[in-house]
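Below: the structure, in structure tokens.
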Amino acid sequence: MEAAGEAAVPGEQLRAPAAFVAPLQPEVAAAAVLPERLQRREAERQQGVERQRQKKEAQVVKEERSEFFVAAFAREREAVEALLAAGPLEEAAARLQGLQKLLTESVRFLAPYELRQGQEAVARLQGDLAARRQQLQPKKKFAFRALKKEAAPGSEPRPAEPARPAAAAPPPRPGTAEGEPSGPPLCGFSGAQGQELELGPAELLQRDVVLSELRGCRVRLRGNANTLRVRDCRDCTVLCGPVSTSVLVDGCSECVLVLACQQLRTHRTRDSRFYVQVTSRAIIEDCTKVFFAPYAWSYPGIERDFESSGLDRNRNNWNLVDDFDWLATDKPSPNWSLIPEQERVSCWD
41 MEAAGEAAVP
51 GEQLRAPAAF
61 VAPLQPEVAA
71 AAVLPERLQR
81 REAERQQGVE
91 RQRQKKEAQV
101 VKEERSEFFV
111 AAFAREREAV
121 EALLAAGPLE
131 EAAARLQGLQ
141 KLLTESVRFL
151 APYELRQGQE
161 AVARLQGDLA
171 ARRQQLQPKK
181 KFAFRALKKE
191 AAPGSEPRPA
201 EPARPAAAAP
211 PPRPGTAEGE
221 PSGPPLCGFS
231 GAQGQELELG
241 PAELLQRDVV
251 LSELRGCRVR
261 LRGNANTLRV
271 RDCRDCTVLC
281 GPVSTSVLVD
291 GCSECVLVLA
301 CQQLRTHRTR
311 DSRFYVQVTS
321 RAIIEDCTKV
331 FFAPYAWSYP
341 GIERDFESSG
351 LDRNRNNWNL
361 VDDFDWLATD
371 KPSPNWSLIP
381 EQERVSCWD
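Its first residue numbered 41, the sequence shown is counted upward by one per residue in this note's numbering.
What follows is the structure in structure tokens.
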């Protein structure tokens, strides 16, 4: 009996009760007891904590960049203002272009109100520069004009030649739109209907252009302008060469605009198509049914105009549009979309 009892001891050691096994592996037991739903919730909580940490770090970097921009922008703006008051205008124009470039490159991290303030400051300085250039233009010298000869008795009067649409600035009107020069614009078209209008390189070179209140017109701007403003136009096609700084489209409808610029701002515009080469993100506000595609116009000498404009042809954010009326980040704005490739115009002449 004792031998049998002693022989049974080794077998009992091999089969230890479960109560003695569990304490040896507490982590495994806890994992088995913890429901899968709780494990998933804990993993989601950890991911949320990590996202908040990354977001906080990104916000700190963004605030540091914003502070640097505000200081640098203020310093450059004061330098431009001083040059406009007493310095050479060419240096003022160069510094102003650098200020515009600083703003364009900072769009990614600026708050909407900071971006708007910067745009308004640049637009105001551009207006001041245009006004100073106009002020310093030499005045026409006085000269006697030959008196008109009276028609001989019985002769028929000479018929007057039909007037051509003048490539002149629209008459100044009370209250300028956002971004317009405070002085009179230097060139452009206003009030025409159903006409073919054109300006060439010599007329456009680094000048401010205004197109206003056109109806059913086709406008070709072959050359390098400084700024372009298209205001209150209906059913028009505007083909424009490279613009060194900004383009403002305001209050237009049923238009096609082919534009190359550093910055594009569009206000109060509907049912219009844009073919753009833009180095910053285009901005729309109070707009509906506006469509975008890449720039698609060419003419003899356009490469030279791009070089003089300073635009980078390899940088085009034609499909990046900020809608100031659409704050949702998880849904696209319903106010703009891309033109399908099969619907894009490639030949304009």
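A virtual CB, placed ideally from N, CA and C, is assigned to each residue, including glycine.
Smallest Cα separation from residue i: which of the options?
i	options	result
His-307	Thr-319, Val-147, Leu-288, Leu-251	Leu-288
Ser-377	Glu-116, Asp-352, Ser-312	Ser-312
Val-361	Thr-277, Val-385, Arg-305	Arg-305
Glu-253	Cys-273, Tyr-153, Leu-165, Glu-238	Cys-273
Asp-389	Tyr-339, Gln-157, Cys-292	Tyr-339
Arg-310	Glu-121, Cys-301, Cys-327, Gln-303	Cys-327
Trp-337	Ala-300, Lys-371, Gly-350	Ala-300
Gln-174	Ala-134, Ser-348, Arg-247	Arg-247
Leu-139	Leu-351, Leu-165, Ser-348	Leu-165
Ala-171	Cys-227, Gly-291, Arg-77	Cys-227
Ala-151	Gly-350, Glu-118, Val-110	Val-110
Leu-123	Ala-132, Arg-115, Arg-117	Ala-132
Please classify residue i: is it buried, with 16 or more other beta-carbons within 10 angstroms of its beta-carbon, or exposed?
i	result
Ala-265	buried
Arg-185	Low confidence applies here, because Arg-185 scores a pLDDT of 45, under 50, leaving its location unreliable; read the following figure in that light. Its Cβ having fewer than 16 others within 10 Å, Arg-185 is exposed.
Gln-317	buried
Thr-319	buried
Arg-286	For the sequence presented, residue 286 should be read as Ser rather than Arg. Buried: at least 16 other Cβ atoms inside 10 Å.
Ser-386	exposed
Val-89	exposed
Phe-108	exposed
Gln-302	buried
Tyr-315	buried
Asp-345	buried
Ala-209	Any reading at Ala-209 needs caution, since the residue's pLDDT is 43, under 50, leaving its predicted position unreliable; the model's value is listed next. Per the 10 Å Cβ criterion, buried.
Glu-2	Nothing in the structure corresponds to residue 2, since the chain is present only between 41 and 389.
Pro-212	Interpretation of Pro-212 is limited by its pLDDT of 39, a score under 50 that renders its predicted location unreliable; the figure taken from the coordinates is listed afterwards. With fewer than 16 other Cβ atoms within 10 Å, it is exposed.
Do residue j and residue i have their beta-carbon atoms positioned less than 8 Å apart in this structure?
i	j	result
Val-259	Leu-244	no
Arg-271	Gly-240	no
Val-162	Leu-155	no
Ile-323	Val-330	no
Arg-105	Val-120	no
Write down the C-beta distance between residue i and residue j rounded to the nearest angstrom, noting that I regard them as a contact closer than 8 Å.
i	j	result
Leu-143	Leu-169	That pair is no contact at about 16 Å.
Pro-334	Asn-357	The pair is not a contact, with the Cβ atoms about 10 Å apart (cut-off 8 Å).
Arg-255	Gln-233	4 Å
Look up residue i in the DSSP assignment and give the residues it is bridged to.
i	result
Ala-322	Val-361
Gly-228	Val-250
Tyr-315	Val-298, Ala-333
Arg-305	Leu-288, Ile-323
Measure from the C-beta of residue i to each C-beta in chain C and report whether the shortest distance is under 8 Å.
i	result
Val-298	The question asks about chain C, but that chain is absent: this structure has only one protein chain.
Closer than 7 Å to a non-hydrogen atom of the ligand NAP - does that hold for the CB of residue i?
i	result
Pro-374	In the structure shown, the ligand NAP is absent, as is every other ligand, since no ligand is present at all.
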